[in-house]
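Peer 1: Following this message is one structure expressed as C-alpha cells.
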Amino acid sequence: MRSLAILNQKGGVGKTTTAVNLAAALARLGRNVLLVDLDPQSHASLHVGIELSAGDASIYDVLLHGAAIAEAARTVSKRLSIVPAHIDLVAAELELAQREERERVLAGVLGPYASLFDYCIIDCSPSLGLLTVNALAAAGEVLIPLQAHFLALHGLGRLLESISLVRHGINPQLRVAGVLFCMFEKATKLSQEVAGDVEQFLSAAEPDQAWHGARVFSTTIRRNVKLAECPSFGKHIFDYAPASHGAEDYFALAKEIAKAAKSIQVVAEAEVPVASVMPSPMATPSEALHHAAQ
Ligand SMILES: Nc1ncnc2c1ncn2[C@@H]1O[C@H](COP(=O)(O)OP(=O)(O)O)[C@@H](O)[C@H]1O
Ligand SMILES: [Mg+2]
C-alpha cells in the first residue's frame, strides 16, 4: 500500500478537494483506495456524502477507543472506501497526547490493512498538531497542495521543516512526493513565476532533506467551478461532472502518481494476519471491510 498524506498547514488551498478526487481517480484507475478523513471539520466525509450520527463509528473511535477501521469504514463507490471523521475528533489531539507511542497510533491501526489496499490517502487538517504528526508517521509520501499566489512560498519552508522533523524522529522513510498547484491559472504571469520559484526552491534541497527529490507535479489542477460545486452534492467529481476539467485534471494526477516509481511502503507490515481481517481471499477490500464490521 502506498500511503499519501495531503498536507498544508494553510486552509483553503485544495487539500480536501485533492484527497477526495485523487482517491476517486485512483479507484477509477483500478486501484483499491482507502481515504482517511483526519480533519475534525470532516470536509472529506461530507464531500462524499457522509454525515455521521451519534453512535456511528469514526476515525476518532478507531484512534482512541479501539474500534477497527473495518467498523468505521464506508464504501463510497467502486474500489473506494472512507474512514469518516466527526467533529469529536477535535478532542483527539488532547487524548492522544496522554498515550504512549502517541505519534504512531494511526500507523498502528492501518498496519493490518496494508495488503488490502493499493493506496491510502489521508486528508489532513490545516495544522501541524498531533493528528497531522500521526498522518506523517503513517504515510510514505506527502503531497502538498499549493495555490500559486505571491505568499505561496511563505509557510512552505516551515511545512518542509516540520516534515523533516518527523522524518528524523519518527518515520525515516517519509518523503515529499511533490507540490501540486491547485486552482491554477496557467495563463497568468504570476502563476508561472510562483511555479518557477517553487521548482527552484525544491531543486536546491540537500540530499539529507526530506524534500530532496521533491518536484512540482507536471499536472496542475485548474480552477474549475464543478470542483467547487460537487461537495455540496456529496459527490466526488467523477460522479458529479465526469466530463469537466476538474475530472480531467485529477485523473491526469492519478496517472502521474501511479506511474511514479513504487515508493517506500511505510505502513508497517501487518502485525495482525491479513486472514483475520479478510473474510475470504476473493473478497474485494470493500467487501472485506463490510464483513469485518459485522
Ligand atoms: N480547482 C479548484 N477550482 C475551484 N474551486 C476549488 C478548486 N479546488 C478547491 N476549490 C474550492 O476551494 C475551497 C477550498 O478547497 P479545499 O479543498 O476545501 O481546501 P482545504 O482542504 O485545503 O481547506 C473549497 O470551497 C473548494 O471547493
Ligand atoms: Mg480540508
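Here this note's numbering = 1-based position in the sequence shown + 275. We put the beta carbon where it would ideally sit given N, CA and C, even for glycine.
If I'm right that residue 512 touches residue 530 with Cβ under 8 Å, what's the distance once you round it to whole angstroms?
Peer 2: Not quite, the Cβ-Cβ distance comes to about 15 Å (not below 8 Å), so this is no contact.
Peer 1: Express the C-alpha separation of residue 329 and residue 418 in angstroms, rounding to a whole number.
Peer 2: The alpha-carbon atoms of residue 418 and residue 329 are separated by roughly 32 Å.
Peer 1: Across the region 323-343 and the region 280-291, are there enough close Cβ pairs to call them in contact, namely three or more that are closer than 8 Å?
Peer 2: Output reads no: the region 280-291 does not touch the region 323-343.
Peer 1: Is residue 352 near residue 299, with beta carbons less than 8 Å apart?
Peer 2: Contact: yes.
Peer 1: Is it the case that the Cβ atoms of residue 284 and residue 430 are separated by a distance below 8 Å?
Peer 2: Closer than 8 Å, so yes.
Peer 1: With a threshold of 7 Å on Cβ separation, who are the neighbours of residue 349 within its own chain once the five nearest residues in sequence on each side are excluded?
Peer 2: Closer than 7 Å at the Cβ level, and outside the excluded window around residue 349, lie 325, 356, 357 and 359.
Peer 1: Measuring straight from C-alpha to C-alpha, what distance separates residue 474 and residue 525?
Peer 2: Looking at the two C-alpha atoms, the distance is approximately 21 Å.
Peer 1: By Cβ distance below 8 Å, which residues in the same chain neighbour residue 363 in space, the five residues on each side in sequence not counted?
Peer 2: So the list reads 315, 333 and 335, once near-sequence residues are dropped.
Peer 1: Taking the alpha helix (DSSP H) that residue 475 falls in, what are its first and last residues?
Peer 2: 464-478 is the span of the alpha helix (DSSP H), which, as asked, contains residue 475.
Peer 1: Spatial neighbours of residue 617 within its chain, please: CB distance less than 6 Å, with the 5 preceding and 5 following residues excluded, ordered by chain position.
Peer 2: Since the displayed the chain opens at 276 and closes at 569, residue 617 lies outside it and no answer follows.
Peer 1: Could you tell me the boundaries of the beta strand (DSSP E) in which residue 279 lies?
Peer 2: Here the beta strand (DSSP E) through residue 279 covers 277-281.
Peer 1: Using DSSP with H/G/I as helix, E/B as strand and the rest coil, what is residue 532?
Peer 2: If DSSP states are grouped into helix, strand and coil, residue 532 belongs with the helices.
Peer 1: For residue 427, is the classification buried or exposed, using 16 other Cβ atoms within 10 angstroms of its Cβ as the cut-off for buried?
Peer 2: Flag for residue 427 reads buried.
Peer 1: Just how far apart, CA to CA, sit residue 318 and residue 383?
Peer 2: Going by the C-alpha atoms only, they are around 24 Å apart.
Peer 1: So which residues put a beta carbon under 5 Å from any heavy atom of ligand 2, going in chain order?
Peer 2: Cβ atoms closer than 5 Å to ligand 2 belong to 290, 291 and 318.
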